[in-house]
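Participant: One structure, pasted below without further comment.
Residue numbers (the working numbering): 45 to 267.
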């Protein structure tokens with residue numbers, strides 16, 4: 045088993061910022077409150093983030109890069125062939141409902157709040173999604189197939205983050221089975237996977253935890 049990698053001061057501060065946002069709202073978030081939540085001096089916080097805007101920007105950028113790391117890690121672990129990116133998303137982001145943790149939802153909610161406060165911050169996320177959909181377009185599948193897989197996963201995630209529809213294992217299995225059948229009819233072989241695949245998806249460089257669209261795994265220090 046791989047041991048958990050201790051969080052950096054940057055990780056601690058961003059996690060603290062998420063908690064403050066969820067507790068008080070993005071408009072009421074102050075650097076003093078974040079420093080207190082992190083157990084760090086305000087000077088230490090200012091060393092990393094000289095302003096509230098820079099801190100909010102970092103929250104969104106971390107989430108965007110985390111999601112990119114997640115789907116690229118999944119892609120590299122998926123056998124070559126038609127629909128490789130689509131199969132990667134399916135196998136590594138729809139394995140086990142237990143991987144969709146409360147803290148993952150909290151992190152995603154904090155990012156939503158940040159984007160509502162400053163919509164211009166969406167650019168890093170837009171670039172990451174643009175790259176993902178470019179890979180889907182080059183996946184060797186009939187038009188619309190890969191987009192359907194990505195949209196279904198995004199929709200499931202959005203329902204869950206906003207609390208619109210409960211997420212349980214039965215729903216994950218139903219959606220996954222329908223998407224597997226869609227890919228198989230399109231000529232893309234699907235390799236069955238279990239919770240371990242989602243765990244691999246959650247692991248990244250330096251034990252990073254990803255927060256946008258792809259559930260964290262349980263192979264490391266899960267949140």
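Glycine included, every Cβ here is placed at the ideal spot set by N, Cα and C.
Could you tell me the alpha carbon to alpha carbon distance between residue 217 and residue 210, rounded to whole angstroms?
Facilitator: Translated into positions along the chain shown, residue 217 becomes position 173. Translated into positions along the chain shown, residue 210 becomes position 166. So the two alpha carbons sit approximately 14 angstroms from each other.
Participant: First and last residue of the alpha helix (DSSP H) that includes residue 228?
Facilitator: Position 184 of the chain shown, counted from the start, is the residue given in the question as residue 228. Looking at the DSSP string, the run of the alpha helix (DSSP H) that includes residue 228 is 213-229.
Participant: With DSSP collapsed to three states, give me the class of residue 81.
Facilitator: By one-based count along the chain shown, residue 81 stands at place 37. Residue 81: helix per DSSP, three-state reduction.
Participant: With a CB to CB cut of under 8 angstroms and the five nearest residues on each side skipped, what residues in its chain are close to residue 71?
Facilitator: The count along the chain shown starts at 1 and reaches residue 71 at position 27. 161, listed in sequence order.
Participant: Roughly how many whole angstroms lie between the Cα atoms of residue 191 and residue 177?
Facilitator: The residue labelled residue 191 in the question sits at position 147 within the chain shown. The residue labelled residue 177 in the question sits at position 133 within the chain shown. For residue 191 and residue 177, the distance between alpha carbons rounds to 8 angstroms.
Participant: Take the Cβ of residue 183 as the centre, count every other Cβ of all protein chains shown within 10 Å, and call the residue buried at 16 or more, exposed below.
Facilitator: The sequence position of residue 183 within the chain shown is 139, counting from 1. Under this definition residue 183 is a buried residue.
Participant: Just to confirm, are residue 105 and residue 78 a CB contact at a threshold of 7 angstroms?
Facilitator: By 1-based counting over the chain shown, the position of residue 105 is 61. By 1-based counting over the chain shown, the position of residue 78 is 34. It is not a contact, given that the beta carbons lie outside the stated cut-off.
Participant: Whole angstroms are fine: how far does the CA of residue 59 sit from the CA of residue 74?
Facilitator: On the chain shown, residue 74 is found 30 positions in, with the first residue counted as 1. On the chain shown, residue 59 is found 15 positions in, with the first residue counted as 1. About 14 angstroms.
Participant: Going straight from the alpha carbon of residue 220 to that of residue 187, what length do you get?
Facilitator: To locate residue 220, count along the chain shown from 1; it is residue 176. To locate residue 187, count along the chain shown from 1; it is residue 143. Rounded to the nearest angstrom, the two C-alpha atoms are 20 angstroms apart.
Participant: Closest to residue 170 by C-alpha separation, out of 108, 213 and 180, would be which residue?
Facilitator: Working through the chain shown from its first residue, we reach residue 170 at position 126. Nearest option by C-alpha distance: 108.
Participant: Tell me which residue opens and which closes the alpha helix (DSSP H) that residue 192 is part of.
Facilitator: Within the chain shown, numbered from 1, the residue matching residue 192 stands at position 148. 189-206 is the span of the alpha helix (DSSP H), which, as asked, contains residue 192.
Participant: Using DSSP with H/G/I as helix, E/B as strand and the rest coil, what is residue 169?
Facilitator: Walking along the chain shown from the start, residue 169 turns up at place 125. Note: residue 169 maps to helix in three-state DSSP.
Participant: Specify, as a first and last residue, the run of the alpha helix (DSSP H) that residue 162 falls within.
Facilitator: Locating residue 162 in the chain shown gives position 118, where the first residue counts as 1. Premise fails: residue 162 is in no alpha helix (DSSP H) and is neither H nor E.
Participant: Determine the DSSP secondary structure at residue 181, reduced to helix, strand or coil.
Facilitator: In the chain shown, residue 181 corresponds to position 137, counting from 1. Residue 181 falls in the helix class under three-state DSSP.
Participant: When you compare only the Cα positions, how much space is there between residue 316 and residue 96?
Facilitator: As shown, the chain starts at 45 and ends at 267. That puts residue 316 outside it, with no answer to give.
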